[in-house]
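These notes concern the structure reproduced below.
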Amino acid sequence: MNAPMAVESARSVATRFADCRDRRIAYRELGSGEPLILCLRFRGVLDSWDPAFLDSLAKSFRVITFDYSGLGQSTGEPSYRSEALARDAIDLADALGIEKFAIAGWSLGGLAAQVVACLIPDRITHAVLIGAAPPGKVENPSEPIFLERALKPINDLEDETILFFEPASPESRAAAAASRKRIEERSADRSPAVAPEIYLKLLQDRAAEDAFPDIDGYAEFLANAGIPILVITGDHEIVFPAPNWFALNRVWKSLHLLVLPQMGHGPQHEVPEMAAEFIASFVRHRSKSQPA
């Protein structure tokens, strides 16, 4: 009797490289089905995603993760400007021959995902924003402790618990330790961390801007574009607080807002399977409408 075929996991899937204009973008892909391209957070590289989240998504999607230009294993000139990050995602889709896809992003990647949806709306089926902010000025700023911890050269478990989870919750603290353990299980072919001199320079490059400048009317466009948009956020989101979305509930015609209790900036790492199932159900059951 033949042994069942092992299912490939984010813990071991090989890194590939795509030639994109003047650079090579490192990427990995899992699963099959509708393509879902994931954009990374601040300081994130391929190995910053929880493999349990990616493996769960791969049950429903062709999941594609990547390193931004000049970071991790990718070549090129790095930038943390949302338009540059969005261009990486679009160029990677072009290199892989992907015409239509769902775009998702975590934190800084959620800003990039919104720009992707604005630049190529006819190619985007859905947008999923995790721990992100809408374009333009926001009423609720980041908590000071975010930068205090996020800018440390090395983040330990306590830093990650504060940055991505809810430190006041014993269950969230346990989830933080479990997620960190899963991320560390990949032993080879890991993307190098972003060096402090790099992320500080890139952060300074956008220091004069709002968190997400509303260039070319992004907010108005997304409010009426008809692209189904799912925002997943924790109720104690220290980077881009959830209340910044509340006033948009009836303004953005296709906005779906999911606020998870006793969670922070990385709810998809705290409840990876549940978050993946929410995303899969959203994509299955919400379809694109004609722009208003």
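Here my numbering is used: the sequence shown runs in plain steps of one and ends on residue 292.
Every residue, glycine too, gets a C-beta built ideally from N, C-alpha and C.
Because the structure is a prediction, the values reported are computed rather than measured.
Query raised in the report: Counting along the chain, where does the alpha helix (DSSP H) carrying Arg284 start and finish?
Result: By one-based count along the sequence shown, residue 284 stands at place 284. Here the alpha helix (DSSP H) through Arg284 covers 272 to 285.
Query - Contact set for Arg123: own chain, Cβ-Cβ below 8 Å, skip 5 residues either direction - result: Looking up residue 123 in the sequence shown gives position 123. The answer, listed in chain order, is Ala93, Glu99, Lys100, Phe101.
Report task. Could you name each continuous beta strand (DSSP E) segment of 3 residues or more that falls completely within the segment 203 to 256, going from the start of the chain to the end? Result -> 229 to 234
Query raised in the report: In three-state DSSP terms, what is Glu143?
Result: Start at 1 with the first residue of the sequence shown, and residue 143 comes out as number 143. Correct three-state label for Glu143: coil.
Query raised in the report: What is the rounded straight-line gap between the Cα of Pro134 and the Cα of Leu163?
Result: If you number the sequence shown from 1, residue 134 lands on position 134. If you number the sequence shown from 1, residue 163 lands on position 163. Each residue's alpha carbon lies about 20 Å from the other.
Requested in this report: For Leu38, I'd like the list of residues in its chain whose CB is within less than 6 Å of its CB, leaving aside the five on either flank, ordered along the chain.
Outcome: For the purposes of this step, residue 38 is taken as residue 38 along the sequence shown, with counting starting at 1. Thr65, Ala104, listed in sequence order.
Report task. Give me the Cα-Cα distance between Thr15 and Arg186, rounded to the nearest whole angstrom. Result -> The residue labelled residue 15 in the question sits at position 15 within the sequence shown. The residue labelled residue 186 in the question sits at position 186 within the sequence shown. Looking at the two C-alpha atoms, the distance is approximately 12 Å.
Query raised in the report: For Ile162, which of helix, strand or coil comes out of DSSP?
Result: Residue numbering aside, residue 162 sits at position 162 when the sequence shown is read from its first letter. The answer is helix: DSSP assigns Ile162 an H, G or I state.
Query raised in the report: What residue does the alpha helix (DSSP H) around Leu85 start on, and which one ends it?
Result: Residue mapping note: residue 85 aligns to position 85 of the sequence shown, counting from 1. Taken as a continuous stretch (DSSP letters only), the alpha helix (DSSP H) holding Leu85 covers 82 to 95.
Query raised in the report: Which two residues bound the contiguous beta strand (DSSP E) that contains Ile130?
Result: To locate residue 130, count along the sequence shown from 1; it is residue 130. Start and end: 124 to 130.
Query raised in the report: Whole-angstrom Cβ separation of Leu111 and Ala132, contact assumed at under 8 Å?
Result: Mapped onto the sequence shown, residue 111 falls at position 111. Mapped onto the sequence shown, residue 132 falls at position 132. Their Cβ separation, rounded to whole angstroms, is 6 Å, which keeps Leu111 and Ala132 in contact under 8 Å.
Query raised in the report: What is the DSSP secondary structure of Glu8, counted as helix, strand or coil?
Result: Position 8 of the sequence shown holds residue 8. Here Glu8 sits in coil by DSSP.
**Report entry** Candidates Ser69, Leu248, Lys59, Leu108: closest to Gly266 by CA position
**Finding:** Numbered from 1 along the sequence shown, position 266 holds the residue referred to as residue 266. Closest by alpha carbon: Leu108.
Report task. Classify Val271 as buried or exposed, calling it buried when 16 or more other Cβ atoms lie within 10 Å of its own Cβ. Result -> Translated into positions along the sequence shown, residue 271 becomes position 271. Buried, by the Cβ-count rule.
Query raised in the report: So, Leu202 versus Ser79, is the Cβ gap smaller than 9 Å?
Result: Within the sequence shown, residue 202 is the residue found at index 202, counting from 1. Within the sequence shown, residue 79 is the residue found at index 79, counting from 1. Yes; because the gap between Cβ atoms is below 9 Å, this pair is in contact.
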